[in-house]
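Novice: If you scroll down you'll find the structure; I have some questions about it.
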Amino acid sequence: MNEHDAAREHGARKRYYVDVQGKQLHLQQGVASYHLEIDATDEEAELIEAQFRKLDERDESSLNRMMRYNLTQGEQVAYMNDEHDEEMQTLFRLLHQCGTDETKRHIEGMNVLY
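Residue numbers (full-length UniProt numbering): 1 to 114.
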């Protein structure tokens with residue numbers, strides 16, 4: 001038994017079902033479609049939810065920028081894409097850290113942890 005499993009046995013971790021596209025964590029399976037399963041402490045779940053909020057803000061900010069700037073300004077678009085990629089990498093690192101073995105394998109197969 002590793003320390004992750006030991007912590008879960010002591011009630012420190014809860015199973016969450018993660019809807020990455022919908023940017024949501026659920027404690028109950030079947031409430032919504034989900035892509036990944038994680039075992040996270042309350043603090044880790046809060047970090048993931050905060051990252052979801054950052055991504056929502058980034059999406060809204062990107063849309064506003066796109067409306068203001070001429071799309072021929074490729075540098076501006078590339079900058080926004082780089083910011084979004086970094087936020088997604090942070091999210092997947094957090095999910096990998098708390099993920100079940102299957103979730104970890106799935107994320108590793110996505111090649112997003114570089």
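Each residue gets a CB set at the ideal place from its N, CA and C atoms; glycine is no exception.
1) Can you name, in chain order, every residue of its own chain whose Cβ lies under 6 Å from the Cβ of glutamate 44, other than the five neighbours on each side?
2) Put glycine 109 into one of helix, strand or coil per three-state DSSP.
3) If the criterion is Cβ atoms closer than 8 Å, does the pair alanine 103 and leucine 25 meet it?
4) Going by beta-carbon coordinates alone, are valine 18 and leucine 95 separated by less than 8 Å?
5) Using DSSP with H/G/I as helix, E/B as strand and the rest coil, what is leucine 27?
6) Put tyrosine 16 into one of helix, strand or coil per three-state DSSP.
7) What did DSSP end up calling alanine 45 once you bin it into helix, strand or coil?
8) So, for histidine 84: in the same chain, excluding its five sequence neighbours on each side, which residues have a beta-carbon less than 6 Å away from its beta-carbon?
Specialist: So, to answer that:
1) Cys98
2) helix
3) First, the amino acid is wrong: residue 103 is threonine here, not alanine. For threonine 103 and leucine 25, no; Cβs fall outside 8 Å.
4) yes
5) coil
6) strand
7) helix
8) Arg58
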